Amino acid sequence: MKKVKALILRTAGTNCDYETQAAFEMCSAVAERVHINSLIENKDKIFEYDILAFPGGFSYGDDIASGKVLANEIKNKLGDKIKKFSLSGKPVIGICNGFQVLVKMGLLPEPKLFEQVSTLSYNDSDKFECRWVYLKTEKKVKNESNCIWTKNLPDIITLPVAHGEGKFIPVNFKLLEELNKNNQIVFRYSTRNGAIPEYPLAPNGSVEQIAGICNTKGNIFGLMPHPERYMFALQHPAREGFDGEYGWGKIIFQNAVDFVK
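Numbering (my numbering), first residue to last: 1 to 261.
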């Protein structure tokens, strides 16, 4: 059986790369942490991998804005390779700071466009928000998610968030309509029973409570919550797991590995 290889791209300030590597390894993938300088020196190295992950953290100290410096570096020095990898249909994920990078380089919401048309800005509370939140899984295509990463998830799951700039803002109402029409909104912040949440369950003030989106093809996924921090049920204070042993993050990473296989 094919051994799936995942590349976790890291740089100065990245701090969730080890957890992301462990998450893929739990799902029987070979996961490697690769510094961006190494990839810039050998740009075609990216095509040796089946999955690309942009982990969380505070890349380059979040100077200018969260993820902006890394997004510019990737687009200017690796843009053609990243775009080709993404358009090939291979799974790509950006978590928290990684989501900010995907949005600000323009890989989301659509790699063909490859232009920034949305952003993730400062939380309405104007402070760092760190807690467990509930997420509503959008299912509009045959009662299933359009995103390959979120297949087989229930309507409501819970994951932790930890960010200061997680407020998702599309450039205009037209883009928001397109995201809804094309089933590109993957997660929305929610209450436990699926109602529209208020602060603190709505941690940042995102437009329409958007917590994660994907491209139209469904292989590129960005989200502010951290699935790599909920691989085991024991990581949740109330032990909320999908089979008593694992957390919801296990399904998310396993979906991508199984998709490649």
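Beta carbons are placed, not taken as given, at the ideal position from N, Cα and C, and that holds for glycine. All figures in this text were calculated on a predicted structure; none of them were measured in a lab.
Is the beta carbon of L107 closer than 8 Å to that of F114? Residue mapping note: residue 114 aligns to position 114 of the sequence shown, counting from 1. Residue mapping note: residue 107 aligns to position 107 of the sequence shown, counting from 1. In contact: F114 and L107 (Cβ atoms closer than 8 Å).
Contacting residues, own chain, Cβ-Cβ under 6 Å from K81 (five flanking each side not counted): Locating residue 81 in the sequence shown gives position 81, counting from the first residue. Within the same chain, K81 has close Cβ partners K43, I46.
Are the beta-carbon atoms belonging to K127 and G164 less than 8 Å from one another? If you number the sequence shown from 1, residue 127 lands on position 127. If you number the sequence shown from 1, residue 164 lands on position 164. Taking 8 Å as the Cβ cut-off, K127 and G164 qualify as a contacting pair.
Rounded C-beta distance between T150 and I252? I'm assuming under 8 Å. The count along the sequence shown starts at 1 and reaches residue 150 at position 150. The count along the sequence shown starts at 1 and reaches residue 252 at position 252. Confirmed, Cβ separation roughly 6 Å.
So, helix, strand or coil for F274, using DSSP? Any question about residue 274 goes unanswered here, given that the chain covers just 1 to 261.
Report, in whole angstroms, the separation of the C-beta atoms of K261 and M231, which I expect to be a contact under 8 Å. Taking the sequence shown and counting its residues from 1, the one referred to as residue 261 is at position 261. Taking the sequence shown and counting its residues from 1, the one referred to as residue 231 is at position 231. Contact doesn't hold; Cβ gap of about 19 Å is too wide.
Could you check which residue in D155, W132, P197, Y134 has the C-alpha nearest to that of N143? The residue labelled residue 143 in the question sits at position 143 within the sequence shown. Looking only at D155, W132, P197, Y134, the smallest Cα-Cα distance to N143 is reached by D155.
Measuring straight from C-alpha to C-alpha, what distance separates K217 and R239? Taking the first residue of the sequence shown as 1, we reach residue 217 at position 217. Taking the first residue of the sequence shown as 1, we reach residue 239 at position 239. Near 34 Å, if we compare the C-alpha coordinates of R239 and K217.
Just to confirm the assignment, what range does the beta strand (DSSP E) spanning P94 have? Taking the sequence shown and counting its residues from 1, one reaches residue 94 at position 94. For the sequence presented, residue 94 should be read as Gly rather than Pro. Counted as a single uninterrupted DSSP element, the beta strand (DSSP E) harbouring G94 occupies residues 92 to 95.
Taking the C-alpha atoms as reference points, what is the distance between N219 and L201? Residue 219 sits at position 219 when you count from the first residue of the sequence shown. Residue 201 sits at position 201 when you count from the first residue of the sequence shown. Going from the Cα of N219 to the Cα of L201 covers about 28 Å.
Three-state class that DSSP yields for Y18 in the structure shown: Mapped onto the sequence shown, residue 18 falls at position 18. If DSSP states are grouped into helix, strand and coil, Y18 belongs with the helices.
Under the DSSP definition of a beta bridge, which residues are partnered with G57? Here the question's residue 57 lines up with position 57 in the sequence shown. Among the bridge pairs identified by DSSP, G57 is matched with T14.
Does the structure place the stretch 191 to 201 close enough to the stretch 64 to 77 that three or more beta carbon pairs sit under 8 Å? Taking 8 Å as the limit for Cβ pairs, the verdict is that the stretch 191 to 201 does not touch the stretch 64 to 77.
How far does the beta strand (DSSP E) with L120 in it reach, from first residue to last? Taking the first residue of the sequence shown as 1, we reach residue 120 at position 120. Its beta strand (DSSP E) spans residues 118 to 121.
Using 8 Å as the threshold, is the C-beta distance between G67 and V117 below it? As a working note, residue 67 is residue 67 in the sequence shown. As a working note, residue 117 is residue 117 in the sequence shown. No, the pair does not count as a contact, with Cβ atoms beyond the cut-off.
Stretch-stretch touch, CB-based, cutoff 8 Å, three pairs: the stretch 79 to 94 with the stretch 165 to 174: Too few Cβ pairs lie closer than 8 Å, so no.
Look at the Cβ atom of A162, then the Cβ atom of C130, and state whether they are nearer than 8 Å. Along the sequence shown, read from residue 1 onward, the residue named residue 162 stands at position 162. Along the sequence shown, read from residue 1 onward, the residue named residue 130 stands at position 130. In this structure, A162 sits near C130, with a CB-CB distance shorter than 8 Å.
Use the C-beta contact count for K90: other C-beta atoms within 10 angstroms, 16 or more gives buried, fewer gives exposed. Translated into positions along the sequence shown, residue 90 becomes position 90. So K90 ends up on the buried side.
Per the DSSP calculation, L135 is bridged to which residue(s)? Position 135 of the sequence shown, counting from 1, holds the residue named residue 135. Bridge partners of L135: I157, Y189.
Select from K2, K140, S125, N204 the residue whose C-alpha is nearest the C-alpha of K181. Numbered from 1 along the sequence shown, position 181 holds the residue referred to as residue 181. Residue K140 is the option with its Cα nearest to K181.
State the beta-bridge partners of K5 as determined by DSSP. Along the sequence shown, one-based indexing puts residue 5 at 5. Residue pairing by DSSP places K5 opposite V30 in a beta bridge.
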